[in-house]
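Under the numbering used here, the first residue of the sequence shown carries the number 4, and numbering increases by one thereafter.
C-beta atoms are modelled at their ideal positions from N, C-alpha and C, and glycine is treated no differently.
Since we're looking at a predicted model, the values are computed, not measured.
All remarks here apply to the structure that follows.
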Amino acid sequence: MLTGFARAFRTPDLRKKLLFTLGIIVVYRVGTHVPIPGVNYKAVQQCVTEASGNQGLFGLVNMFSGGALLQITIFALGILPYITASIILQLLTVVIPRLEALKKEGQSGTAKITQYTRYLTVALAILQGTGLVATARSGALFSGCTVASSIVPDQAIFNTIVMVICMTAGTVTVMWLGELITDRGIGNGMSILMFISIAATFPSALWSIKKSGKLAGGWIEFGTVLLVGLVMVGLVVFVEQAQRRIPVQYAKRMIGRRSYGGTSTYIPLKVNQAGVIPVIFASSLLYIPALVAQFSGGNSGWKTWVQQNLTKGDHPIYITAYFLLIVFFAFFYVAI
Numbered sequence: 004m005l006t007g008f009a010r011a012f013r014t015p016d017l018r019k020k021l022l023f024t025l026g027i028i029v030v031y032r033v034g035t036h037v038p039i040p041g042v043n044y045k046a047v048q049q050c051v052t053e054a055s056g057n058q059g060l061f062g063l064v065n066m067f068s069g070g071a072l073l074q075i076t077i078f079a080l081g082i083l084p085y086i087t088a089s090i091i092l093q094l095l096t097v098v099i100p101r102l103e104a105l106k107k108e109g110q111s112g113t114a115k116i117t118q119y120t121r122y123l124t125v126a127l128a129i130l131q132g133t134g135l136v137a138t139a140r141s142g143a144l145f146s147g148c149t150v151a152s153s154i155v156p157d158q159a160i161f162n163t164i165v166m167v168i169c170m171t172a173g174t175v176t177v178m179w180l181g182e183l184i185t186d187r188g189i190g191n192g193m194s195i196l197m198f199i200s201i202a203a204t205f206p207s208a209l210w211s212i213k214k215s216g217k218l219a220g221g222w223i224e225f226g227t228v229l230l231v232g233l234v235m236v237g238l239v240v241f242v243e244q245a246q247r248r249i250p251v252q253y254a255k256r257m258i259g260r261r262s263y264g265g266t267s268t269y270i271p272l273k274v275n276q277a278g279v280i281p282v283i284f285a286s287s288l289l290y291i292p293a294l295v296a297q298f299s300g301g302n303s304g305w306k307t308w309v310q311q312n313l314t315k316g317d318h319p320i321y322i323t324a325y326f327l328l329i330v331f332f333a334f335f336y337v338a339i
């Protein structure tokens, strides 16, 4: 593998693309640590430390932003608005004939749908940014934090608008960085940024497992989790690359005295046609009840039920709902 990397850097064009991609990744990671104006950064750091491991569904969404969501930075929303917008547009192509016609027009239609995706991304970024700022202002972003209410000291409407604009601009910048990687770098830009966001949380998570472990100073737990993770990655790659091959037999044809054809081939069908789209869409839907519960006042029964059952990733009801939604969207996405 190292030989392959060395060979890639010897090729000028490939080396240029690799360095460009690495440069964009550095810019993206720097942006995830730049706080937006109007946030008490010391209070945020204290809340992150106090609420470690007790962030509920916000912790799951925080993983997709590379830890930027709970830090309330300019890239706090990450690429989630773009991913959600892409999924919504794909689903709407089945419902709206105009979008379906655009999809069949080739490159020009695809460019038009991409433009619609960008507009929808901005709208979703404004909506999600407003929700995040409102949650931070109310002190509900971190459960059990003693200084959660002082994260946003100035709760004037102008300050709220500035914070939402900064988050929306950050989302547009992330979208632009992803498209730059796709056009001038290596691979799909959005997929690379998503991987970087998730992988950025691995070192701290593994080290916290090591520090909390009790066997051989935590190294047994550390090694076990690392080994299980590598096995899981191998299984995911195996399923992602798996194919069901439908055999195709061509009939023989006689042209003059010669026989042509008669060859056999196959049609490769991916086992996992839907990819990770059902998982992302299921996560987005499960995020909605928790967000609504954060904004509702009082201690109503449904709010208590949502907070107890749909904000903890290890709760049986949450796991069951997550599983059923993934299965449903997998069938739905493959059907369209």
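Shown here, Q310 sits in a helix according to DSSP, grouped into three states.
Between I82 and M166, the gap from beta carbon to beta carbon reaches 7 angstroms or more.
Distance check between S141 and each of S152, T133 and C148 places S152 closest, using alpha-carbon atoms only. Nearest to M178 by C-alpha distance, out of G192, Y336, G41 and G304, is G192.
Using a Cβ distance threshold of 7 angstroms, I249 and I283 do not count as a contacting pair.
In the displayed model, Y253 falls within coil according to three-state DSSP, outside both helix and strand. Every alpha helix (DSSP H) stretch that sits fully inside the segment 150-213 and reaches 4 residues is listed by chain position as 160-187 and 192-202. If you look at S303, you'll find it isn't in any alpha helix (DSSP H); DSSP assigns it neither H nor E. Taking C-beta atoms under 8 angstroms as the contact rule, C169 and I91 fail to qualify, at a distance of about 24 angstroms.
In the displayed model, I270 falls within a strand according to three-state DSSP.
Between E224 and L230, the beta carbon gap of about 11 angstroms keeps them out of contact (Cβ cut-off 8 angstroms).
Looking at the backbone, the Cα of A338 and that of S89 are separated by about 17 angstroms. Excluding sequence positions up to five before and after A285, its CB lies within less than 7 angstroms of the CB of Y325, L328, I329 and F332, all in the same chain and listed in chain order. In the displayed model, I283 falls within a helix according to three-state DSSP.
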